[in-house]
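Novice: Once you've had a glance at the structure underneath, I'll fire off some questions.
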Amino acid sequence: MGLEVIKAFIKATDQIFDPQTRRIVWIAFATTVGLFCLLWLAVGIILLNTTFFAVEWLEIIIGWLGGLATATFTWLLFPTAVSAVISFFLEDIAQAVEKKHYPHIASTSSVPTTSKVLSTFRFLTIMLSLNILLIPLLITGPIFPFIFYGINGYLLGREYFELVAFRRIDTCSAITLRKKNAFQIFLVGVLVALLLTVPFVNLFTPIITTGMMVHLFEDFRNRV
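First residue of the sequence shown? That's 1125 in this note's numbering, and the numbers climb one at a time after it.
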């Protein structure tokens, strides 16, 4: 049952080298760099124009600590931010995959920008909220990774599959198809959760995941 997932992964990984996909990655990278530059500028202005202590050496330490905190914040969140920006282009990625591998199927209608923003916001909110709720479970020790990847795998698999499926079939049919192929979709979700924790690889994870789900969706649909 996992063979379809492996095949989909190989095809989706190859999608990274597609010109349209590379364009999306560069746009996301440049946008994220721009946003963080604005963050650095804002923090710099605040630190330069705010006096925290009357003692000069303490003020210098605060300045250095502020800069270090900003750099650490950037290092930790940069991959997540790039992935979030790429999420706005998932429709374009799905279309690129379909154009390359399934040229015989009709193009979907253009998704309004508002819908893209709301869909991305909903997805990120669910992921963030769930992982905050999982923090207390750290006390479970060695069991925690299984809980973390299991729950995130289920959620990521479900959300990405529905994102792809809703473009082609009605909601009821998409949910039925998801439940019928729940195991394969769960496997993809766990793989995605693992990839998101790997530095550099996590930059491309939304692209790989979207590609995998397009391939699996077409495979599932053709079996019906």
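Backbone N, C-alpha and C fix where the C-beta goes; we use that ideal spot for every residue, glycine too.
(1) Taking Gly-1281 and Val-1325 to be in contact with their CB atoms under 8 angstroms, please state how far apart those CB atoms are, rounded to whole angstroms.
(2) If I measure Cβ to Cβ from Arg-1292 and keep anything under 6 angstroms in the same chain, skipping five residues before and after, which residues do I get?
(3) List, from N- to C-terminal side, the beta strand (DSSP E) runs of 3 residues or more that fit wholly inside the stretch 1127-1186.
(4) To the nearest whole angstrom, what separates the beta carbons of Val-1221 and Val-1338, a pair I think is in contact under 8 angstroms?
(5) According to the Cβ coordinates, are Leu-1301 and Arg-1345 closer than 8 angstroms?
(6) Identify, in the order they occur along the chain, each residue of the same chain with its Cβ nearer than 7 angstroms to the Cβ of Ala-1298, setting aside the five sequence neighbours on each side.
(7) Let me confirm a value: Val-1340 is counted as buried when at least 16 other C-beta atoms fall within 10 Å, else exposed. Which label applies?
(8) Between the Cα of Ser-1211 and those of Glu-1283, Val-1314, Tyr-1278, spot the shortest distance and give me the residue it belongs to.
(9) Please identify the residue among Gly-1335, Tyr-1278, Phe-1272 whose C-alpha is closest to the C-alpha of Ala-1306.
(10) Cα separation between Phe-1213 and Thr-1145?
(11) Which residues in the same chain have their Cβ closer than 6 angstroms to the Cβ of Ala-1136, if we skip the five residues on either side of it in sequence?
(12) How big is the Cα-Cα spacing for Trp-1181 and Ala-1193?
(13) Please report how far the alpha carbon of Ile-1217 lies from the alpha carbon of Phe-1328, in whole angstroms.
(14) By a C-beta neighbour count over all protein chains shown, 10 Å radius and 16 as the cutoff for buried, is Pro-1330 buried or exposed?
(15) By Cβ distance below 7 angstroms, which residues in the same chain neighbour Val-1167 in space, the five residues on each side in sequence not counted?
(16) Using the Cα positions of Phe-1310 and Ile-1184, report the straight-line distance between them to the nearest angstrom.
Specialist: The answer reads as follows:
(1) Counting from one through the sequence shown, the residue named residue 1281 turns up at place 157. Counting from one through the sequence shown, the residue named residue 1325 turns up at place 201. Incorrect: roughly 18 angstroms between the Cβ atoms, too far for contact.
(2) The residue labelled residue 1292 in the question sits at position 168 within the sequence shown. Excluding residues within five positions, none has a Cβ falling inside 6 angstroms.
(3) none
(4) Here residue 1221 corresponds to residue number 97 of the sequence shown, with the count starting at 1. Here residue 1338 corresponds to residue number 214 of the sequence shown, with the count starting at 1. With a Cβ gap of about 4 angstroms, Val-1221 and Val-1338 count as contacting.
(5) The residue given as residue 1301 occupies position 177 in the sequence shown. The residue given as residue 1345 occupies position 221 in the sequence shown. The answer is yes: Cβ separation under 8 angstroms.
(6) Taking the first residue of the sequence shown as 1, we reach residue 1298 at position 174. If we look at Ala-1298 and ignore the five residues flanking it on each side, its Cβ neighbours are Glu-1286, Ala-1289, Phe-1290.
(7) Taking the first residue of the sequence shown as 1, we reach residue 1340 at position 216. One detail in the question is off: residue 1340 reads as Leu in this sequence, not Val. Under this definition Leu-1340 is a buried residue.
(8) Along the sequence shown, read from residue 1 onward, the residue named residue 1211 stands at position 87. If we check each option's Cα against that of Ser-1211, Glu-1283 comes out closest.
(9) Sequence index remark: in the sequence shown, residue 1306 carries index 182 (1-based). For the residues Gly-1335, Tyr-1278, Phe-1272, the minimum Cα distance to Ala-1306 belongs to Tyr-1278.
(10) Against the sequence shown, residue 1213 aligns to sequence position 89. Against the sequence shown, residue 1145 aligns to sequence position 21. C-alpha separation (whole angstroms): 9 angstroms.
(11) Translated into the one-based positions of the sequence shown, residue 1136 becomes position 12. Hits under 6 angstroms: Ile-1332, Gly-1335, Met-1336.
(12) Here residue 1181 corresponds to residue number 57 of the sequence shown, with the count starting at 1. Here residue 1193 corresponds to residue number 69 of the sequence shown, with the count starting at 1. Between Trp-1181 and Ala-1193, the C-alpha separation is close to 18 angstroms.
(13) Your numbering for residue 1217 matches position 93 in the sequence shown. Your numbering for residue 1328 matches position 204 in the sequence shown. Distance between the alpha carbons of Ile-1217 and Phe-1328 is about 12 angstroms.
(14) As a working mapping, residue 1330 is identified with position 206 in the sequence shown. Buried.
(15) Residue 1167 sits at position 43 when you count from the first residue of the sequence shown. Result list for Val-1167: Gly-1190, Thr-1194, in chain order.
(16) Here residue 1310 refers to the residue found at position 186 when the sequence shown is read from its first residue. Here residue 1184 refers to the residue found at position 60 when the sequence shown is read from its first residue. Going by the C-alpha atoms only, they are around 51 angstroms apart.
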